[in-house]
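Novice: The structure under discussion is supplied below as structure tokens; questions concerning it will follow.
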Amino acid sequence: QKEVEQDPGPLSVPEGAIVSLNCTYSNSAFQYFMWYRQYSRKGPELLMYTYSSGNKEDGRFTAQVDKSSKYISLFIRDSQPSDSATYLCAMSSLIQGAQKLVFGQGTRLTINP
Amino acid sequence: NAGVMQNPRHLVRRRGQEARLRCSPMKGHSHVYWYRQLPEEGLKFMVYLQKENIIDESGMPKERFSAEFPKEGPSILRIQQVVRGDSAAYFCASSPPTGSNYGYTFGSGTRLTVV
């Protein structure tokens with residue numbers, strides 16, 4: 015079993031829709047949770063960062079962490095064609111070294127105009 | 106303010122040759138991380154370095170792979186005697202001296218193709 019599971023998609027939605035992306039994990043020691051966006055042939059860029067459980071909102075993006083269920087989500091409101099990319103969840107723990115990120119496989123998202 | 110610079114962007118090597126991948130961290134960043142991304146997979150941690158020190162190399166294959174971050178110059182990921190399975194995108198990231206993963210900035214990667 016992988017430490018972090020993420021549905022690779024692809025996921026295709028119309029412009030303006032609400033997008034929900036999810037990851038599950040097995041390591042209860044994970045405390046830091048991140049979402050990265052990766053455009054084709056580019057490096058990942060950090061979108062959201064959350065410590066422990068709870069919600070965090072930044073513009074059209076909302077990140078949720080449910081540690082009891084070992085489940086994290088990223089919601090994108092009013093999705094735009096420019097949001098089309100691969101979204102990667104990542105997490106880390108102090109035990110394994112907070113600097114070492116464990117990534118999900120990534121979900122390929124397409125927003126259709 | 107340049108970001109993390111990786112070169113070359115694309116590298117083609119024949120089986121058995123050596124591959125050298127370079128990474129210059131962002132200005133003011135002294136921590137460097139290398140990750141590998143195989144096709145249709147997420148990124149896998151390889152190694153974490155500070156200037157002249159390897160802090161965590163738990164993700165590095167035991168043979169043929171080595172990394173360094175000298176006092177002067179870029180970080181180098183070196184793959185000796187490359188095989189087809191080494192074909193992947195290799196990403197470097199850097200962070201400030203606090204070493205926080207919150208400050209990770211990734212480069213655009215080097216795409217290695219072994220023929």
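First to last, the protein sequences are chains P and E.
Residue 15 is where the first sequence starts when you use this note's numbering, and the numbers rise one by one after that.
Residue 106 is where the second sequence starts when you use this note's numbering, and the numbers rise one by one after that.
Cβ atoms here follow ideal geometry from the backbone N, Cα and C, with glycine treated the same way.
Keep in mind it's a predicted model, so treat the numbers as computed, not measured.
In three-state terms, what does DSSP make of ARG122 (chain P)?
Specialist: The answer is strand: DSSP assigns ARG122 (chain P) an E or B state.
Novice: Do LEU154 (chain E) and ALA172 (chain E) have their beta-carbon atoms positioned less than 8 Å apart in this structure?
Specialist: In contact: ALA172 (chain E) and LEU154 (chain E) (Cβ atoms closer than 8 Å).
Novice: Whole angstroms are fine: how far does the CA of GLN15 (chain P) sit from the CA of ASN126 (chain P)?
Specialist: Each residue's Cα considered, the two are about 34 Å apart.
Novice: Is it buried or exposed for GLN77 (chain E), if we count other Cβ within 10 angstroms and need 16 for buried?
Specialist: What the structure shows of chain E is the stretch from 106 to 220, and residue 77 (chain E) is not part of that stretch, so it cannot be assessed.
Novice: Residues of chain P with CB under 8 Å from GLU157 (chain E), in chain order?
Specialist: Under the 8 Å cutoff, chain P gives no residues; its nearest Cβ is about 17 Å from GLU157 (chain E).
Novice: Contact defined as beta carbons within less than 8 Å: I believe TYR46 (chain P) pairs with LEU61 (chain P). What is the distance between those atoms, to the nearest angstrom?
Specialist: Between LEU61 (chain P) and TYR46 (chain P) the Cβ distance is about 14 Å, and since that is not below 8 Å, they are no contact.
Novice: Output the distance between the C-alpha atoms of SER93 (chain P) and TYR63 (chain P), rounded to the nearest integer angstrom.
Specialist: Distance between the alpha carbons of SER93 (chain P) and TYR63 (chain P): 20 Å.
Novice: With distances taken Cα to Cα, identify the nearest neighbour of ASP80 (chain P) among P:SER66, P:MET105, P:ASP72, P:ARG74.
Specialist: Answer by Cα proximity: P:SER66.
Novice: Which residue from P:PHE75, P:TYR53, P:THR100 puts its Cα closest to that of ILE90 (chain P)?
Specialist: Of the listed residues, the one whose Cα sits closest to ILE90 (chain P) is P:PHE75.
Novice: PRO28 (chain P) by DSSP, collapsed to three states: which one?
Specialist: Residue state, collapsed to three classes: strand.
Novice: Beta strand (DSSP E) containing GLU59 (chain P): first to last residue?
Specialist: Segment 59 to 65, the beta strand (DSSP E) holding GLU59 (chain P).
Novice: Starting from ARG125 (chain E), follow the beta strand (DSSP E) in both directions and report where the run begins and ends.
Specialist: Per DSSP, ARG125 (chain E) belongs to the beta strand (DSSP E) from 124 to 129.
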